[in-house]
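Structure record follows, encoded as structure tokens.
Protein chains: 2
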Amino acid sequence: MLTSAEYADIVNRALTHIDIPDYLPGLYDPIRYTLASGGKRLRPVLLLAAGEAFGGELSDCLWPAVGVEIFHNFTLVHDDVMDNADMRRGKPTVKAKWDVNTAILSGDAMVSMAFKAAAGCPPMFLPEVIDRFSMMTMTVYHGQQIDADFETADAVTFGQYLQMIMGKTSALIAYPCALGALIAGASPQDVEAMFNFGNNLGIAFQMQDDHLDVYGDPATFGKNIGGDILNNKKTWLRIMAHDRCPAELAKAEAIADPAEKIAAVTAIFDSLGLRDEGERIIGRYTADAISCLDDATLTPAAKAWFIDFANTLLHREK
Amino acid sequence: MLTSAEYADIVNRALTHIDIPDYLPGLYDPIRYTLASGGKRLRPVLLLAAGEAFGGELSDCLWPAVGVEIFHNFTLVHDDVMDNADMRRGKPTVKAKWDVNTAILSGDAMVSMAFKAAAGCPPMFLPEVIDRFSMMTMTVYHGQQIDADFETADAVTFGQYLQMIMGKTSALIAYPCALGALIAGASPQDVEAMFNFGNNLGIAFQMQDDHLDVYGDPATFGKNIGGDILNNKKTWLRIMAHDRCPAELAKAEAIADPAEKIAAVTAIFDSLGLRDEGERIIGRYTADAISCLDDATLTPAAKAWFIDFANTLLHREK
Chain A
1085 MLTSAEYADI VNRALTHIDI PDYLPGLYDP IRYTLASGGK RLRPVLLLAA GEAFGGELSD
1145 CLWPAVGVEI FHNFTLVHDD VMDNADMRRG KPTVKAKWDV NTAILSGDAM VSMAFKAAAG
1205 CPPMFLPEVI DRFSMMTMTV YHGQQIDADF ETADAVTFGQ YLQMIMGKTS ALIAYPCALG
1265 ALIAGASPQD VEAMFNFGNN LGIAFQMQDD HLDVYGDPAT FGKNIGGDIL NNKKTWLRIM
1325 AHDRCPAELA KAEAIADPAE KIAAVTAIFD SLGLRDEGER IIGRYTADAI SCLDDATLTP
1385 AAKAWFIDFA NTLLHREK
Chain B
1085 MLTSAEYADI VNRALTHIDI PDYLPGLYDP IRYTLASGGK RLRPVLLLAA GEAFGGELSD
1145 CLWPAVGVEI FHNFTLVHDD VMDNADMRRG KPTVKAKWDV NTAILSGDAM VSMAFKAAAG
1205 CPPMFLPEVI DRFSMMTMTV YHGQQIDADF ETADAVTFGQ YLQMIMGKTS ALIAYPCALG
1265 ALIAGASPQD VEAMFNFGNN LGIAFQMQDD HLDVYGDPAT FGKNIGGDIL NNKKTWLRIM
1325 AHDRCPAELA KAEAIADPAE KIAAVTAIFD SLGLRDEGER IIGRYTADAI SCLDDATLTP
1385 AAKAWFIDFA NTLLHREK
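So the protein lines, in turn, are chains A and B.
Per our numbering, the first sequence starts with residue 1085, numbered consecutively.
Per our numbering, the second sequence starts with residue 1085, numbered consecutively.
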């Protein structure tokens, strides 16, 4: 197997070879801009790695991997419209650089490109790949709808939070793991085990993201610390604080000054021991993810690859 | 072969059997609302008819037909966001009845449902069906982008107008005709002939729609006469008038009173003889569509079915 960086490089090269026409710049320039903005290509890397881990050919897995990456990038484009966000990863969003209609239409086109790329798998796997790919997309939309419903919900349970992040975050990690195994001709048990690995890893990943928003190092996090707190976002920290001391939380969240609000809410999280508790829960989901690998018929080297991937992902600081 | 109404009935029954979950009403209620709003189901009817015309099984064609109809309905949901439209066919749009974000997310989910439905064709045709289905969607997006570019363009040629309507309107008529033939196992020549039939028919259909906006009978047209004129929409009538008497047209379009503006612009169209000229051009595209059927190995009865469909479509008053 290759390294994550090598798989990412293969994905990046493939992305420069997809057929994006030179005409209609109003439609295609935003797509080029979005796909070129980089990132670590974690999702297609997992698909390629899962494919090779079960003896599949890289070339059989490449286009579905590209499809996953295009779909992931599409979700960012439409999310930024729905969240009215002007910046992402330090660059203007499509909606800000162009306009809302451009972001809607270019995003729509990316979905078709994603399905077309996914359909580039070997024909014998095509019915199942399309079925799982569309399930993946629907699961993401479910997560987005649950998240939207949170905005008007008074209390959100940790269980509802898990449902939400299994859609918005885990689906795009779990399905690529399963798709790679599937295209390699792995058994249904192996496909399932890889899905479960990705699902748990995705939960740990999102919980870590919430954690870093409060306890990350501002120098390496890449976003401003406390952004979720300022938006009263229903992260697991806020859900637990709301559960345990709703009155204090409401008081802290009512503070108008941003820096003071962040400090007051963080003090509540601290007093509840959420920093350590979160690290324990995240550690448990990571361990669960890794133990799912025991259910898959992986070589020791392949298993080590995914364990290393999980540990690297969870020890990131941004 | 069945009648159009019978095929539409089959599509309507299938639409009530697609798997729309009971949970997440914020996501699924707008989808149910959109798919229940009816219409003549012209696009899936053509797919089913083309399938039967070439000896295919209705059951093999049904889900791709449903996929085409779901995709068509999705385009209306997102179009209404981009056009900021509150009413469609006398009912509130999703964007108006719910909100913009709901329309974006529900629309996105409909695309996945459409691809999934399209993938319900027999597996041997799946690679080509997915390929053509995604081409169909991209062609629609091309048309929408050309239309968006028209808004800031000073002069638009009739050729550019044709490009636009071949995307926005013809693609969703031509591809269903081709897909039905394809799934029935028709030859590439037959698939191509049916595509060309649909493409020409779509052009005639859209030109007719522009014509009815000016010369339709208000009692049967279903929309207010002159809506395109009020919006300075680049219909073929406006393009020809702009070409032949730009100064007069600009003066008429500058009139503030809506009824006076419609009367003045219509008078220009009248003076240029566009009513008759349009009918001639529409008649020519219809004749071209029908002559494409000669290139297909259709039984006389099947050929008569498509000729009748074309004539009924073009003699509609709404």
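Just so you know, even glycine gets a beta-carbon here, dropped at the ideal spot from N, CA and C.
So, at 7 Å on beta carbons, what are the nonlocal neighbours of residue i in its own chain, with the 5 sequence-adjacent residues on each side left out?
i: D1294 of chain A; result: D1312, T1319, W1320, L1321
i: V1224 of chain A; result: T1159, G1251, K1252, A1255, L1256
i: F1281 of chain A; result: C1261, A1373, C1376, L1377, F1390
i: G1122 of chain A; result: none
i: R1328 of chain A; result: L1356
i: T1177 of chain B; result: D1164, A1169, D1170, M1171
i: D1274 of chain A; result: F1138, A1265, A1380, T1381
i: Q1292 of chain B; result: I1366, L1398
i: L1189 of chain B; result: L1111
i: I1104 of chain A; result: Y1112, I1115, R1116
Measure the CB-CB distance between residue i and residue j and report whether it falls below 8 Å.
i: A1187 of chain B; j: K1179 of chain B; result: yes
i: A1394 of chain B; j: T1370 of chain B; result: yes
i: L1119 of chain A; j: L1132 of chain A; result: no
i: V1213 of chain A; j: L1142 of chain A; result: no
i: P1148 of chain A; j: G1204 of chain A; result: yes
i: A1232 of chain A; j: G1110 of chain B; result: yes
i: M1194 of chain A; j: N1157 of chain A; result: yes
i: A1336 of chain B; j: I1352 of chain B; result: yes
i: R1116 of chain A; j: N1096 of chain A; result: no
Between the options, which has its C-alpha nearest residue i's C-alpha?
i: E1090 of chain B; options: B:L1108, B:A1270, B:V1129; result: B:V1129
i: V1072 of chain A; options: A:K1175, A:A1092, A:A1373, A:A1237; result: In the structure as shown, chain A starts at 1085 and stops at 1402, and residue 1072 of chain A therefore has no counterpart that could be examined.
i: F1138 of chain A; options: A:L1398, A:I1391, A:T1383; result: A:T1383
i: A1134 of chain B; options: B:R1097, B:D1167, B:M1278; result: B:M1278
i: G1286 of chain A; options: A:A1258, A:G1310, A:G1300; result: A:A1258
i: Q1290 of chain A; options: A:A1270, A:L1398, A:P1211; result: A:L1398
i: E1363 of chain B; options: B:Q1247, B:Y1299, B:R1172, B:N1096; result: B:Y1299
i: I1154 of chain B; options: B:E1337, B:M1222, B:R1127; result: B:R1127
i: G1269 of chain B; options: B:D1113, B:E1136, B:R1125, B:R1116; result: B:E1136
i: D1238 of chain A; options: A:V1349, A:H1326, A:G1310, A:N1315; result: A:H1326
i: P1330 of chain A; options: A:N1316, A:P1342, A:A1343; result: A:N1316
Could you list which residues in chain E have their beta carbon closer than 7 Å to that of residue i, in chain order?
i: T1221 of chain B; result: The displayed structure is made up of protein chains A and B, and chain E is not among them.
Alpha helix (DSSP H) containing residue i: first to last residue?
i: V1178 of chain A; result: 1178-1181
i: C1261 of chain A; result: 1255-1267
i: C1376 of chain B; result: 1358-1376
i: I1391 of chain B; result: 1384-1398
i: F1199 of chain A; result: 1184-1202
i: N1096 of chain A; result: 1088-1101
i: E1141 of chain B; result: It is not in any alpha helix (DSSP H) - E1141 of chain B carries neither H nor E in the DSSP assignment.
i: A1169 of chain B; result: From DSSP, A1169 of chain B is part of no alpha helix (DSSP H); its letter is neither H nor E.
i: S1218 of chain A; result: 1210-1236
i: I1323 of chain A; result: 1320-1328
i: P1342 of chain B; result: 1342-1355
i: R1116 of chain B; result: 1109-1119
i: A1239 of chain A; result: Element bounds for A1239 of chain A: n/a, residue is neither H nor E.
i: D1294 of chain A; result: 1272-1299
i: I1313 of chain B; result: 1311-1314
Between residue i and the rest of its own chain, which residues show a CB-CB distance below 8 Å, the 5 nearest in sequence each way excluded?
i: M1324 of chain B; result: F1242, L1356, L1358, E1361
i: P1206 of chain B; result: D1144, I1267
i: D1163 of chain A; result: A1169, Q1228
i: V1184 of chain A; result: V1165
Leaving out five residues before and five after residue i in sequence, what residues of the same chain have Cβ atoms less than 6 Å from its Cβ?
i: Y1245 of chain B; result: W1320, I1323
i: Q1229 of chain B; result: none
i: F1217 of chain A; result: A1202
i: V1240 of chain A; result: F1234, K1318, I1323
i: D1197 of chain B; result: Looking at the sequence provided, one finds Met at residue 1197 of chain B rather than Asp. Here the set comprises I1154.
i: T1396 of chain B; result: none
i: I1102 of chain A; result: none
i: L1146 of chain B; result: A1098
Members of the segment 1093-1120 of chain B near chain A, C-beta cut-off 8 Å: L1108, G1110, L1111
Residues of the segment 1250-1284 of chain B with Cβ closer than 9 Å to any Cβ of chain A, in chain order: none
The segment 1179-1193 of chain A: positions lying closer than 7 Å to chain B by Cβ: N1185, I1188, L1189, D1192, A1193
Interfacial residues, the segment 1222-1247 of chain A to chain B, with Cβ spacing under 8 Å: M1222, Y1225, H1226, Q1228, Q1229, I1230, A1232, D1233
Positions along the segment 1127-1158 of chain B whose CB lies within less than 9 Å of some CB in chain A: F1158
Contact list for the segment 1160-1175 of chain B against chain A, Cβ threshold 8 Å: H1162, V1165, M1166
Chain-ordered residues of the segment 1335-1358 of chain B with a beta carbon less than 7 Å from chain A: none
Residues of the segment 1198-1209 of chain B with Cβ closer than 8 Å to any Cβ of chain A, in chain order: F1199, K1200, A1203, P1207
Contact residues within the segment 1294-1319 of chain A, judged by C-beta distance below 9 Å to chain B: none
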